[in-house]
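S.K.: Residue numbers (this note's numbering): 56 to 495.
Cβ coordinates follow ideal geometry from the N, Cα and C atoms, glycine included.
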Amino acid sequence: MSLELHTQPTKEHSVIDLDVSKVDLLLDVDEKPPVVQGLLLSFQHVFAMFGATILVPLILGMPVSVALFASGVGTLIYQVATQFKVPVYLGSSFAYITAMATAIEAMKGQVSAAQTGILFVGLIYVIIAAVVKVVGTKWIDTLLPPIVIGPMIVVIGLGLANSAVTNAGFVAYGDWRNMLVAIVTFLIAAFINTNGKGFIKIIPFLFAIIGGYILSMVLGLVDFKPVMDAAWIELPGFILPFKTNVFDSYNLYFGPEMIAILPIAVVTVAEHIGDHTVLSQICGRPFLKNPGLNRTLIGDGVATAFSAMIGGPANTTYGENTGVIGMTRIASVSVIRNAALIAIAFSFLGKFTALISTIPSAVLGGMSILLYGVIASNGLKVLIERQVDFGQVRNLIIASSMLVLGLGGAVLDLGVMTLSGTALSAIVGILLNLILPKGK
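#1: If we count the other Cβ atoms within 10 Å of its Cβ and call it buried at 16 or more, is Ile337 buried or exposed?
#2: Out of Ala263, Gly366, Leu467, point me to the one whose CA is closest to Leu123's CA.
#3: Pick helix, strand or coil for Thr371, following the three-state DSSP scheme.
#4: Quick one: what's Ser475 bridged to in DSSP?
#5: By the three-class DSSP mapping on this structure, what secondary structure does Asp355 have?
#6: How do the segment 466-482 and the segment 444-455 stand: do at least 3 beta-carbon pairs fall below 8 Å, yes or no?
#7: May I have the straight-line CA-CA distance separating Leu334 from Ile430, to the nearest angstrom?
#8: Buried or exposed: which applies to Asp284, given that a residue is buried once 16 or more other Cβ atoms fall within 10 Å of its Cβ?
#9: Consult DSSP for Leu145 and reduce its assignment to one of helix, strand or coil.
#10: By the 10 Å Cβ neighbour count, where 16 or more other Cβ atoms means buried, how is Leu419 classified, buried or exposed?
#11: How many Å lie between Phe297 and Ala363 at the Cα?
#12: Can you tell me whether DSSP reads Asp284 as helix, strand or coil?
#13: Would you kindly work out how many angstroms separate the C-alpha atoms of Asn217 and Leu462, rounded to a whole number?
#14: Could you tell me whether the segment 335-354 touches the segment 268-275, where touching means 3 or more Cβ pairs closer than 8 Å?
#15: Could you tell me the alpha carbon to alpha carbon distance between Phe105 and Leu396, rounded to whole angstroms?
#16: Let me check understanding here. Comparing Cα to Cα, which of Ile182, Ala465, Leu174, Val277 lies closest to Ala409?
#17: Under 8 Å by Cβ, that's how I've got Phe260 and Gln99 pegged, so tell me the actual separation to the nearest angstrom.
#18: Please list, in chain order, all residues of the same chain as Phe279 whose beta carbon is under 7 Å from its beta carbon, the five residues on each side excluded.
#19: With C-beta atoms as the reference, is Ile399 less than 8 Å away from Val128?
#20: Give me the DSSP bridge partner(s) of Asp278.
#21: Which residue's Cα is closest to the Cα of Ile439: Gly470, Val459, Ile204?
#22: Taking 6 Å as the limit between beta carbons, can you name the residues of its chain near Ser76, skipping five residues before and five after?
#23: With Gly266 as the anchor, note down where its alpha helix (DSSP H) starts and where it stops.
#24: Using a Cβ-Cβ cut-off of 8 Å (strictly less than) and excluding sequence neighbours within five positions of Leu467, which residues of its own chain qualify?
#25: By how many angstroms is the C-alpha of Leu451 removed from the C-alpha of Gln442?
#26: Which same chain residues end up closer than 8 Å to Ile243 when comparing Cβ atoms and leaving out the 5 residues on each side of it in sequence?
#27: Mapping DSSP to helix, strand and coil, what is Ile385?
#28: Buried or exposed for Tyr144, please, with buried defined as at least 16 other CB atoms from any protein chain shown within 10 angstroms of its CB.
#29: Does DSSP classify Leu295 as helix, strand or coil?
#30: What are the boundary residues of the alpha helix (DSSP H) that Thr408 is part of?
#31: Let me check understanding here. Comparing Cα to Cα, which of Lys493, Lys87, Leu131, Pro118 lies closest to Phe403?
#32: Given that a residue counts as buried once 16 or more other Cβ atoms are within 10 Å of its Cβ, and exposed if not, what is Ser455?
#33: Measure the alpha-carbon distance for Met457 versus Ala150 and round it to whole angstroms.
#34: On the three-state DSSP scale, how would you describe Leu82?
#35: Would you please state the rounded distance, in angstroms, between the beta carbons of Asn393 and Gly146? I believe it to be under 8 Å.
#36: Looking at the secondary structure, which residues open and close the alpha helix (DSSP H) in which Met207 lies?
Okay, structure coming up:
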């Protein structure tokens, strides 16, 4: 792979104290590519996030255009909050799907409880950010040493592996056409990333998507009817918390259906820290210290609250876009910012939105196999570069417990909230690290 992080190993060193001069980026966070190249790089990020961003509203019965608009504006809000120092793209969060769907069903199709809950989730983020501002981030080094961070990053990456494999069609009795499209998409991205020259080398996923899409058309996997039916220009279907003559509205609701959504914020805050740690590892910048966890939480929280106020789902940092940064070594914030502007524009362009939504899941699956693998590989880099000693039994116990619980489908139902995946893995790792005695 083209991703090479040359950080100097430092035993027992904090994983978020990284030497930026040792990271092999083609474009750093504050650098800008030429205009045309920048647009192509931005489109690559749009394609990377598009499938998951529109899937959440489709599952919940929400307007896709609103989710796109919310992701674009939310990303810009995040960039302002973090002083344009972190190349993060925000998209629709899957963590709240079950709780939101339950609330909508309980309210007989009304979104009042779900949207109010997501609005207050955003406010919870802001409150936690204020606490972090007061107490600082030194606790991160204590709670999240390399032995916890490394496996957590692996779980974040491989926890998405099942969706990538399913989308790629590698399932029992799967359609051979989907498998072929996924394989071709994967190979195009891998070949360009390893053998491409010049600018072509840094847009492997754009070429992979185009190649996979063309093959999908040849194999009859693309349905253009949604494109034909869509209008050229249309307003997103906003749902606002006040009445207007143009858009639908909902009333703020503070019943038990809404309250049941709030505890999930604890889970997504843990995922927020994990995602930013992955990005810190890739970019060689301690984002949790500069601009700071308080700023990243504020950006994420305000973006989520904004999305709730226009009828959209909760926002979250996207592993797909982090994977693109890892593979291309382009960490430019301007590229992410332009991707957000493109998403906003697409939310008003019905036919373009419909066209991108016709990209078969097999294309996205083939691409995701590579992206999610890159994320997981960075977890291994943390363990290797920080010289985590697996000769110590405590380290074996912590890592093995996190990996098995995080990837094995373990679920801890606490009644008011459910822990699984990254959140459960992180909590187990943190507790074991604090409880188990350290060897000499």
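M.R.: The relevant details are as follows:
#1: Ile337 should be labelled buried.
#2: Ranked by how close their Cα comes to the Cα of Leu123, the residues Ala263, Gly366, Leu467 have Gly366 in first place.
#3: Look at Thr371 here: in three-state DSSP terms it is strand.
#4: Val466, per the DSSP bridge assignment.
#5: Three-state result, Asp355: helix.
#6: In short, these stretches do not touch, since the Cβ pair count stays below three.
#7: Cα to Cα, the separation comes out at about 9 Å.
#8: Exposed is the call here.
#9: If DSSP states are grouped into helix, strand and coil, Leu145 belongs with the strands.
#10: Buried is the call here.
#11: CA-to-CA, the gap between Phe297 and Ala363 works out to about 12 Å.
#12: Asp284 falls in the helix class under three-state DSSP.
#13: So the two alpha carbons sit approximately 10 Å from each other.
#14: Output reads no: the segment 268-275 does not touch the segment 335-354.
#15: Distance between Phe105 and Leu396, taken at the CA atoms: about 14 Å.
#16: Considering only Ile182, Ala465, Leu174, Val277, the residue with the shortest C-alpha distance to Ala409 is Val277.
#17: Correct: roughly 5 Å between the Cβ atoms.
#18: The residues Thr413, in chain order, have a CB closer than 7 Å to that of Phe279 in the same chain once the five nearest residues on each side in sequence are set aside.
#19: For Ile399 and Val128, yes; Cβs fall inside 8 Å.
#20: DSSP output for Asp278 lists no bridge partner at all.
#21: When C-alpha distances from Ile439 are compared across Gly470, Val459, Ile204, the shortest belongs to Ile204.
#22: For Ser76, the predicted model reports a pLDDT of 48, less than 50, meaning its position is unreliable; a value from the coordinates is still stated below. If we look at Ser76 and ignore the five residues flanking it on each side, it has no Cβ neighbours.
#23: Start and end: 259-273.
#24: Excluding residues within five positions, the ones whose Cβ falls inside 8 Å are Thr473, Leu474, Ser475, Leu479.
#25: Rounded to the nearest angstrom, the two C-alpha atoms are 13 Å apart.
#26: By the criterion of a C-beta distance shorter than 8 Å, Ile243 is surrounded in its chain by Pro259, Phe262, Ala263, Gly266, Gly267, once the five residues flanking it on both sides are discounted.
#27: Three-state result, Ile385: strand.
#28: Tyr144 should be labelled buried.
#29: Strand.
#30: Thr408 -> alpha helix (DSSP H) spans 405-412.
#31: Ranking Lys493, Lys87, Leu131, Pro118 by Cα distance to Phe403 puts Pro118 first.
#32: By the Cβ-count criterion, Ser455 is exposed, with fewer than 16 other Cβ atoms from all chains shown falling within 10 Å of its own Cβ.
#33: C-alpha separation (whole angstroms): 19 Å.
#34: DSSP places Leu82 in strand when its eight states are reduced to three.
#35: Asn393 to Gly146, Cβ: 16 Å. No contact.
#36: Run containing Met207: 201-213, per the alpha helix (DSSP H) assignment.
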